[in-house]
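One structure is given below, encoded as structure tokens.
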Ligand code: PEP
Ligand code: MG
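Okay, structure coming up:
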């Protein structure tokens with residue numbers, strides 16, 4: 259089956275009814291772009307920049323300077339040869355510990371993580387923003403910001419991006435003046451308050467790993483509650499379909515970059531909800547493409563609407579399973 263899949267590498271991801279679907283890769287290091295391209299990625303949907311900051315212990319303890327970060331981002335942009343590269347700003351804390359005493363608070367997932375940390379350390383954040391902006395002179399780059407919840411956090415972030423741009427102009431550095439800025443939507447409050455995001459930003463990306471953690475109140479790295487981690491909980495399906503619908507209505511591109519996007523058993527469900535952009539581990543790209551190629555949206559849509567009306571996890575699981583079996 260693997261051999262047949264590799265043949266799909268250059269096949270455009272289009273549904274039977276002719277709808278194009280973007281299949282992008284999640285990466286941790288610039289060199290991962292090779293695997294992304296080998297599996298036919300049409301861009302990078304999530305570059306987890308925090309991996310550049312991690313030491314051998316797996317803690318975020320190494321602070322690369324502007325030049326080192328710039329070289330890493332530029333390398334990814336260059337390797338992708340004109341395809342878009344979405345770089346997420348530092349997402350540390352919780353499951354990616356900072357390696358300082360404050361990272362051992364009782365509830366790190368609810369603590370000063372991700373954008374909260376960056377807004378508290380604006381000098382560190384500006385270094386990263388300048389490095390990302392400078393890389394945007396070498397190909398299409400998008401800036402993605404994790405864990406935003408409040409409008410003032412979005413506004414502070416946008417103000418810091420403007421400040422980084424001013425600093426670069428003063429230093430005669432080139433960058434994309436119109437760089438697109440988007441938010442990870444990964445907290446229920448962001449979904450229930452989505453207009454705060456769609457009115458300020460260029461795109462959104464749903465982080466289902468954290469969204470499931472925060473919606474179902476289960477630590478995503480705690481094996482004792484792993485049995486409760488279910489992307490097919492009706493609350494999660496509501497969140498996903500609500501977000502995709504609201505983003506469409508606002509005219510803002512929306513993608514999913516959590517693990518859900520790379521699960522071929524969920525591809526048809528997401529397509530039926532209206533999702534047209536998936537970002538995943540490179541190893542999943544061709545499996546998901548195969549699902550896209552064999553799906554007909556005209557048939558899928560009403561079926562997925564019926565699934566969204568179901569309220570029992572078991573019934574949803576069965577219906578999603580049956581969706582897979584349909585020959586379209
Ligand atoms: C997510 O939360 O779904 C996500 C894509 O980001 P991370 O897994 O890095 O938290
Ligand atoms: Mg996340």
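In UniProt numbering, the protein residues as written are 259 to 586. Think of the CB as a built atom: it goes at the ideal place given N, C-alpha and C, for glycine as much as any other residue.
Separation of residue j from residue i, as counted between CA atoms
| i | j | result |
| --- | --- | --- |
| residue 321 | residue 559 | 47 Å |
| residue 427 | residue 330 | 21 Å |
| residue 529 | residue 574 | 16 Å |
| residue 301 | residue 546 | 15 Å |
| residue 311 | residue 412 | 23 Å |
| residue 499 | residue 532 | 8 Å |
| residue 342 | residue 314 | 30 Å |
| residue 417 | residue 541 | 37 Å |
| residue 472 | residue 484 | 13 Å |
| residue 387 | residue 580 | 45 Å |
| residue 463 | residue 453 | 14 Å |
| residue 323 | residue 468 | 28 Å |
| residue 332 | residue 425 | 19 Å |
| residue 295 | residue 430 | 33 Å |
| residue 470 | residue 269 | 32 Å |
| residue 455 | residue 509 | 12 Å |
| residue 445 | residue 475 | 11 Å |
| residue 375 | residue 350 | 8 Å |
| residue 287 | residue 280 | 21 Å |
| residue 477 | residue 405 | 16 Å |
| residue 494 | residue 335 | 33 Å |
| residue 380 | residue 273 | 44 Å |
| residue 450 | residue 355 | 28 Å |
| residue 373 | residue 557 | 41 Å |
| residue 327 | residue 504 | 35 Å |
| residue 382 | residue 338 | 27 Å |
| residue 435 | residue 526 | 37 Å |
| residue 482 | residue 517 | 20 Å |
| residue 367 | residue 576 | 32 Å |
| residue 299 | residue 552 | 18 Å |
| residue 506 | residue 535 | 12 Å |
| residue 432 | residue 262 | 44 Å |
| residue 550 | residue 394 | 31 Å |
| residue 437 | residue 414 | 17 Å |
Integer-rounded CB distance, given that residue j should sit under 8 Å from residue i
| i | j | result |
| --- | --- | --- |
| residue 384 | residue 422 | 5 Å |
| residue 275 | residue 585 | At roughly 15 Å, the Cβ-Cβ gap does not stay under 8 Å, so residue 275 and residue 585 are not in contact. |
| residue 352 | residue 371 | 5 Å |
| residue 465 | residue 515 | 6 Å |
| residue 520 | residue 539 | 5 Å |
| residue 344 | residue 400 | 4 Å |
| residue 544 | residue 267 | 7 Å |
| residue 403 | residue 347 | 6 Å |
| residue 340 | residue 278 | Not a contact, Cβ separation roughly 18 Å. |
| residue 501 | residue 443 | 6 Å |
Residue i burial status per 10 Å Cβ neighbour count (16 or more: buried)
| i | result |
| --- | --- |
| residue 271 | buried |
| residue 537 | buried |
| residue 303 | buried |
| residue 513 | buried |
| residue 297 | buried |
| residue 290 | buried |
| residue 396 | buried |
| residue 564 | exposed |
| residue 232 | It is not possible to answer for residue 232, since the shown part of the chain is limited to 259 through 586. |
| residue 461 | buried |
| residue 284 | buried |
| residue 572 | exposed |
| residue 448 | buried |
| residue 496 | exposed |
| residue 292 | exposed |
| residue 480 | exposed |
| residue 524 | buried |
| residue 569 | exposed |
| residue 363 | exposed |
| residue 489 | buried |
| residue 410 | exposed |
| residue 457 | exposed |
| residue 567 | exposed |
| residue 391 | buried |
| residue 420 | exposed |
| residue 325 | exposed |
Any non-hydrogen atom of the ligand ATP closer than 7 Å to residue i Cβ
| i | result |
| --- | --- |
| residue 521 | Ligands present in the displayed structure are limited to the ligand PEP and the ligand MG, and the ligand ATP is not among them. |
Collect the residues with a C-beta less than 5 Å away from any heavy atom of the ligand MG and give them in sequence order along the chain. 444, 465 and 468
Runs of alpha helix (DSSP H) wholly within the stretch 357-430 (minimum 4 residues, chain order): 373-378, 380-393 and 409-428
At what residue ranges does the stretch 423-493 contain a whole run of the beta strand (DSSP E), taking only runs of 3 or more? 438-443 and 461-464
What are the uninterrupted segments assigned as beta strand (DSSP E) that are 3 or more residues long and contained completely in the stretch 276-301, given in chain order? 280-285
Entirely enclosed alpha helix (DSSP H) segments - the stretch 508-550, minimum 4 residues: 525-531
Which ranges does the alpha helix (DSSP H) cover as unbroken runs of at least 4 residues, wholly within the stretch 317-348, from first to last along the chain? 324-337
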